[in-house]
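Q: Using the numbering used here, the first residue of the sequence shown is number 37, and each one after it goes up by one. Below you will find the structure I want to go over with you.
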Amino acid sequence: MPDYYIGLMSGTSMDGIDAVAVEFTSSKTTIHASLSCPYPDNLKNQLFKEINKPLSITLDKKGVLDELVGHCFKKAAIDVIDKGNISNKDIIAIGSHGQTIRHQPNIKNPFSLQIGNAKIIANGTGITTVSNFRKADIAVGGQGAPLVPAFHKWLFKDGNKIRVIINIGGIANMTMFTKNNTETIGFDTGPGNILMDIWTRLNIDLDFDESGKWACQGSVIPELLNEFFADSYFNLSGPKSTGFEYFNLAWLLSFNLKKYNIADVQSTLCELSVLSITHAIKKYAPNAREVFICGGGAHNIELMRRLNTYSFKAITTAEIGLDPDWVEASAFAWLAMRAIKGQFGNLPSVTGASKYVVLGDIHKPTDH
37 MPDYYIGLMS
47 GTSMDGIDAV
57 AVEFTSSKTT
67 IHASLSCPYP
77 DNLKNQLFKE
87 INKPLSITLD
97 KKGVLDELVG
107 HCFKKAAIDV
117 IDKGNISNKD
127 IIAIGSHGQT
137 IRHQPNIKNP
147 FSLQIGNAKI
157 IANGTGITTV
167 SNFRKADIAV
177 GGQGAPLVPA
187 FHKWLFKDGN
197 KIRVIINIGG
207 IANMTMFTKN
217 NTETIGFDTG
227 PGNILMDIWT
237 RLNIDLDFDE
247 SGKWACQGSV
257 IPELLNEFFA
267 DSYFNLSGPK
277 STGFEYFNLA
287 WLLSFNLKKY
297 NIADVQSTLC
307 ELSVLSITHA
317 IKKYAPNARE
327 VFICGGGAHN
337 IELMRRLNTY
347 SFKAITTAEI
357 GLDPDWVEAS
367 AFAWLAMRAI
377 KGQFGNLPSV
387 TGASKYVVLG
397 DIHKPTDH
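If you want it as structure tokens, here you go:
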């Protein structure tokens, strides 16, 4: 029987949990089942509230959210196992990213905090669960992010050409491998969907701008785009990572947006995501002719259209073997496999860590 791994991921968009049941063979990932498990509305609202007001979150609130999110992740794992009609005894481990509520890699005592009690998942499924993937990298001087480039390199590498992978979630990150795979570069380019989502929720009472339809109705405001892109983050060299601690509602409201049409602001935020991605590609992979997109941004038709106005062709990772919706969840299944086998999961050239390390805390299910 195949050895299966379960990957569970919820990103900065916080719309729910992506779950996959996968099998890894040589350099191939086979997805046997996949699904998205939305957070209950009341929990999603609590998460947004606490994350947007980080100084107000108490230990009690964090503890309660840790348990509630853990139960949601457990349900997602059980549901994807059932969907794949897979026996638990054939599953080696679950890799649970958890829900990031704070990522602070650049302060004096850096940390990255994910919630979603992994012991709940392990005990609820009877399957060994790996969590807290970012801490080991931070402990050796790394940013703890992005972590998916190691998986990108394993799965998507092509020794004959430069290859660029862009994961567009709430935050966008880039992975680039040089010809012959002699060097891997990766970092967070900046906002992906996060600012567009915030502006959408603030103004038209939707969770996100489906397919970029609203952005398409507006026009880019050049002077506002220049103000956005003047932020120092975009000129930082990698390794670098970011999150909603930086690109958030407060960041948006620091600009005088009231004088602009709201659809034009949305169009400009879309252009900011495109500009930050293309700026990184031009700097590190100027000769790239194809760029492979994964994550929720792959479904933003307007964003993809704008990416394709540049000197490269933007297509999804489906063209090279993996559905763009499930790349990130598959990455954490793969990192769980690496942890169980005692193999490193980080790339120091990406995170800035001083060495390769095994990532994740391993939780065995408690015998009843």
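A virtual CB, placed ideally from N, CA and C, is assigned to each residue, including glycine.
Does T353 come within less than 9 Å of chain C when only Cβ atoms are used?
A: Note that chain C does not occur in the displayed structure, where there is just one protein chain.
Q: N203 by DSSP, collapsed to three states: which one?
A: If DSSP states are grouped into helix, strand and coil, N203 belongs with the strands.
Q: Enumerated in chain order, which unbroken segments of the alpha helix (DSSP H) with a length of 4 residues or greater are wholly contained in the stretch 330–404?
A: Listed in chain order, they are 337–343, 363–376, 384–387.
Q: Please list the terminal residues of the continuous beta strand (DSSP E) segment that includes L272.
A: No beta strand (DSSP E) holds L272; DSSP gives it neither H nor E.
Q: Please report the distance separating the alpha-carbon of P401 from that of Y296.
A: Their Cα atoms are separated by approximately 54 Å.
Q: Helix, strand or coil for N81? Go by DSSP, reduced to three states.
A: Helix, per DSSP.
Q: For a test of the three-state rule: what should DSSP assign to Q150, helix, strand or coil?
A: Residue state, collapsed to three classes: strand.
Q: In chain order, what residues of the same chain lie with their CB nearer than 7 Å to the CB of A321, ignoring the 5 residues before and after it?
A: Excluding sequence neighbours, A321 sits near I198, V200, M212.
Q: Going by DSSP in three states, V256 sits in which element: helix, strand or coil?
A: Three-state result, V256: coil.
Q: Whose CA, out of G120, S46, S123, H107, lies closest to the CA of G160?
A: Minimum Cα distance to G160 is reached at H107.
Q: Do V176 and S46 have their C-beta atoms within less than 9 Å of each other?
A: No, the pair does not count as a contact, with Cβ atoms beyond the cut-off.
Q: Hey, how far is the Cα of G222 from the Cα of D300?
A: Roughly 31 Å separates the two Cα atoms.
Q: Just the C-alpha distance for H404 and Q135, rounded to the nearest angstrom, thanks.
A: Low local confidence applies: a pLDDT of 46 at H404 is under 50, so the model's placement there is unreliable, with the coordinate-based value given in what follows. Each residue's Cα considered, the two are about 28 Å apart.
Q: Just how far apart, CA to CA, sit T218 and V386?
A: Their Cα atoms are separated by approximately 13 Å.
Q: Near A354, which residues of its chain fall below 7 Å by C-beta distance, leaving aside the five closest residues on each side in sequence?
A: Once the five neighbours on either side are set aside, the close Cβ partners of A354 are P360.
Q: In terms of alpha-carbon separation, which member of C252, N168, E281 lies closest to K89?
A: Checked all of C252, N168, E281; the closest Cα to K89 is E281.
Q: Hey, could you find the ends of the beta strand (DSSP E) F192 is sitting in?
A: Note, F192: premise wrong, no beta strand (DSSP E); alpha helix (DSSP H) at 184–192.
Q: Determine the direct distance from the alpha carbon of Y346 to that of I257, and round the result to whole angstroms.
A: Approximately 19 Å between the Cα atoms of the pair.
Q: Candidates D233, P384, M373: which alpha carbon is nearest S309's?
A: For S309, the nearest C-alpha among the options comes from D233.
Q: My guess is that K276 and Q179 are in contact by the Cβ rule of under 8 Å, so how many angstroms apart are they, rounded?
A: 7 Å between Cβ atoms; contact.
Q: Less than 9 Å separating the beta-carbons of A208 and G333?
A: Yes; because the gap between Cβ atoms is below 9 Å, this pair is in contact.
Q: Just to confirm, is the Cβ distance from V166 to S366 under 9 Å?
A: Not a contact, by the Cβ cut-off of 9 Å.
Q: When DSSP labels each residue in this structure, what does I157 get in the three-state scheme?
A: Helix, per DSSP.
Q: Run through the stretch 41–122 for me and flag every whole alpha helix (DSSP H) of 4 or more residues, listed as ranges in chain order.
A: Counting whole runs of 4 or more residues, the stretch 41–122 contains the alpha helix (DSSP H) stretches 77–88, 95–119.
Q: Within 8 Å, do at least three Cβ pairs link the stretch 311–329 to the stretch 230–247?
A: Taking 8 Å as the limit for Cβ pairs, the verdict is that the stretch 311–329 does not touch the stretch 230–247.
Q: Pairs of beta-carbons, one from the stretch 110–124 and one from the stretch 62–76, closer than 8 Å: are there three or more?
A: Yes, the stretch 110–124 touches the stretch 62–76.
Q: So A181 and P141 are supposed to be a Cβ contact under 8 Å. How far apart are they, rounded?
A: A181 to P141, Cβ: 7 Å. Contact.
Q: Under 9 Å between the Cβ atoms of I204 and G131?
A: In this structure, G131 does not lie closer than 9 Å to I204 by Cβ.
Q: Which of helix, strand or coil does DSSP assign to A129?
A: Looking at A129 - three-state DSSP - the assignment turns out to be strand.
Q: Can you grab the Cα-Cα spacing for the pair I356 / L272, in whole Å?
A: Distance between the alpha carbons of I356 and L272: 30 Å.
Q: Would I53 be called buried (16 or more neighbouring beta carbons within 10 Å of its own) or exposed?
A: Buried, since its Cβ has 16 or more Cβ neighbours within 10 Å.
Q: Which residues mark the beginning and the end of the beta strand (DSSP E) in which D224 is found?
A: Looking at the DSSP string, the run of the beta strand (DSSP E) that includes D224 is 220–227.
Q: Going by alpha carbons, who is nearest to F328 out of A286, A350, N292, I337?
A: Checking every option, the nearest Cα to that of F328 belongs to A350.
Q: Helix or strand or just coil, what does DSSP make of D39?
A: DSSP places D39 in coil when its eight states are reduced to three.
Q: According to DSSP, is S167 helix, strand or coil?
A: S167 falls in the strand class under three-state DSSP.
Q: So, under 8 Å CB-CB, S303 and S255 are touching, yes? Tell me the CB distance rounded to an integer number of Å.
A: Their Cβ separation, rounded to whole angstroms, is 6 Å, which keeps S303 and S255 in contact under 8 Å.
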